[in-house]
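Chemist:
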Amino acid sequence: DTGVSQDPRHKITKRGQNVTFRCDPISEHNRLYWYRQTLGQGPEFLTYFQNEAQLEKSRLLSDRFSAERPKGSFSTLEIQRTEQGDSAMYLCASSLGVRAQETQYFGPGTRLLVL
Amino acid sequence: KQEVTQIPAALSVPEGENLVLNCSFTDSAIYNLQWFRQDPGKGLTSLLLIQSSQREQTSGRLNASLDKSSGRSTLYIAASQPGDSATYLCAVSTRAGNMLTFGGGTRLMVKP
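Going line by line, the protein sequences match chains A and B. At the far end of the first sequence sits residue 118, using the working numbering, and the numbering has no gaps. At the far end of the second sequence sits residue 1028, using the working numbering, and the numbering has no gaps.
(1) Can you list, in chain order, the residues of its chain whose CB lies under 7 Å from that of A/S90, leaving out five sequence neighbours each side?
(2) Taking 8 Å as the threshold (C-beta atoms), are A/F109 and A/L94 in contact?
(3) Please look up how many angstroms separate the CB atoms of B/R971 and B/L978, rounded, as I've assumed it's under 8 Å.
(4) Does any residue of chain E have a CB that is nearer than 8 Å to the CB of B/Q973?
(5) Which of the three DSSP states is assigned to B/P998 in this structure?
(6) Count the other CB atoms within 10 Å of the CB of A/L63; is the residue buried (16 or more) or exposed (fewer)?
(7) Could you say which of A/K60, A/L42, A/Q107, A/T41 lies nearest to A/T50 if we only look at CA atoms?
(8) At a Cβ threshold of 8 Å, is B/S928 touching chain A?
(9) Taking DSSP's pairing of strands, which residues face A/T50 in a bridge?
(10) I'd like the span of the beta strand (DSSP E) that includes A/V101, first residue to last.
(11) For B/K1027, name the three-state secondary structure that DSSP assigns.
(12) Run the CB neighbour count on B/M1015, radius 10 Å, all protein chains shown included, and call it buried at 16 or more, exposed below.
(13) So what does DSSP say about A/K74, is it helix, strand or coil?
(14) For B/N948, is the classification buried or exposed, using 16 other Cβ atoms within 10 angstroms of its Cβ as the cut-off for buried?
(15) Report all residues from its chain with a CB closer than 6 Å to the CB of A/P46; omit the five preceding and five following residues, and keep chain order.
(16) Can you list the residues of chain B that A/P11 reaches, using a CB-CB cut of under 8 Å?
(17) Name the chain B residues that come within less than 9 Å of A/Q115, Cβ to Cβ?
(18) At the level of alpha carbons, what is the spacing between A/R84 and B/P998?
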C-alpha cells in the first residue's frame, strides 16, 4: 500500500463555484479525517468518519461543506459556493483505530485557491 | 477547549547540534500525542506517537517525552542534519478516534 492519496493536488476556482476533493485512505484503515490548514498555521479538524459513519463535525464545517464516505472506503469533501476564505490546504488522514496503532497518516493534501 | 502551543516558532541551528522542540497543552486529559514533520507545501509525516500512559518514545535520532501532569511534551533531535529542516508539529487527541488539535509548529532550519 502506498499510503493516503488525495486528488486533485491543486485546484483553482472562482468564487461561487463548487469544488469536490477526493481522499483514498490506507486500505485497512477504518477511520478517516479531514483537516484544513492555512499558511503558517497548524491543521484544524473538520470532520471524522469511522467506516461510513460521520461521527464528528467541527464548527468550522459550515453548511456549505459536506463530506461523505460511501461504503467506508474513499471519502469526498465538497465545498459549495466557494469563498476566498476557503483558500487553504485540505488534508486527509486515516488511522487503523486499534489501541496503540492509532497513528494518523496524512495524504499530500489538496491546495485550493479561490479567486 | 484544548489549546496547543509550540515554542519557539522558528529555530536556526548549525549542523550537528542537539536540539529540543517544546509543546504545551492546556487540558492534561489527553489520549495520545503525536509529533509530525511537514516539508514546505507537503502533507504531514508522522514521527512519533506517545500514548497517555507512556513517558517517552524513541525513533532513531528522535526522542519524544510526555509529562501529562504539566501539560508538556518535548521532541529531542540528536546530531541535527540539514535534511532535518522542516516544520515540526505537535498534536494531541483527547479520546480514541477523536480529532487532533495541533500547535502552530516550529520551523526548523539546520545550516550546513
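Where a beta carbon is used, it is the ideal one built from N, C-alpha and C, also for glycine. This one's a predicted model, so the numbers in the text were calculated from it and none came from an experiment.
Modeler: Concretely, from the data shown:
(1) On the first sequence, position 87 is the one that residue 90 of chain A refers to. L115, L116, V117.
(2) As a first step, residue 94 of chain A is located in the first sequence; it is residue number 91 there, counting from the start. As a first step, residue 109 of chain A is located in the first sequence; it is residue number 106 there, counting from the start. Contact: yes.
(3) Within the second sequence, numbered from 1, the residue matching residue 971 of chain B stands at position 55. Within the second sequence, numbered from 1, the residue matching residue 978 of chain B stands at position 62. Not really, about 15 Å apart at Cβ, beyond 8 Å.
(4) Of the chains in the structure shown, none is chain E; the protein chains are A and B.
(5) Walking along the second sequence from the start, residue 998 of chain B turns up at place 82. Of the three classes helix, strand and coil, the one that applies to B/P998 here is helix, per DSSP.
(6) One-based indexing of the first sequence puts residue 63 of chain A at position 60. With fewer than 16 Cβ atoms within 10 Å of its Cβ, A/L63 is classed as exposed.
(7) In the first sequence, residue 50 of chain A corresponds to position 47, counting from 1. Nearest option by C-alpha distance: A/K60.
(8) Here residue 928 of chain B corresponds to residue number 12 of the second sequence, with the count starting at 1. No, B/S928 does not count as interfacial toward chain A.
(9) Within the first sequence, residue 50 of chain A is the residue found at index 47, counting from 1. Answer is A/W37, A/K60.
(10) By 1-based counting over the first sequence, the position of residue 101 of chain A is 98. Run containing A/V101: none; DSSP gives neither H nor E here.
(11) Position 111 of the second sequence, counted from the first residue, corresponds to residue 1027 of chain B. Here B/K1027 sits in strand by DSSP.
(12) In the second sequence, residue 1015 of chain B corresponds to position 99, counting from 1. That one is buried.
(13) For the purposes of this step, residue 74 of chain A is identified with residue 71 of the first sequence, where counting begins at 1. A/K74 falls in the helix class under three-state DSSP.
(14) Residue 948 of chain B sits at position 32 when you count from the first residue of the second sequence. Label assigned to B/N948: buried.
(15) Translated into the one-based positions of the first sequence, residue 46 of chain A becomes position 43. Closer than 6 Å at the Cβ level, and outside the excluded window around A/P46, lie Y38, Q40, L94.
(16) The residue given as residue 11 of chain A occupies position 8 in the first sequence. In chain order: nothing, as chain B lies at least about 14 Å away.
(17) Locating residue 115 of chain A in the first sequence gives position 112, counting from the first residue. It is Leu, not Gln, that sits at residue 115 of chain A in the sequence shown. By Cβ distance, chain B contributes nothing, its closest Cβ being about 13 Å from A/L115, past 9 Å.
(18) Sequence index remark: in the first sequence, residue 84 of chain A carries index 81 (1-based). Sequence index remark: in the second sequence, residue 998 of chain B carries index 82 (1-based). Distance between the alpha carbons of A/R84 and B/P998 is about 43 Å.
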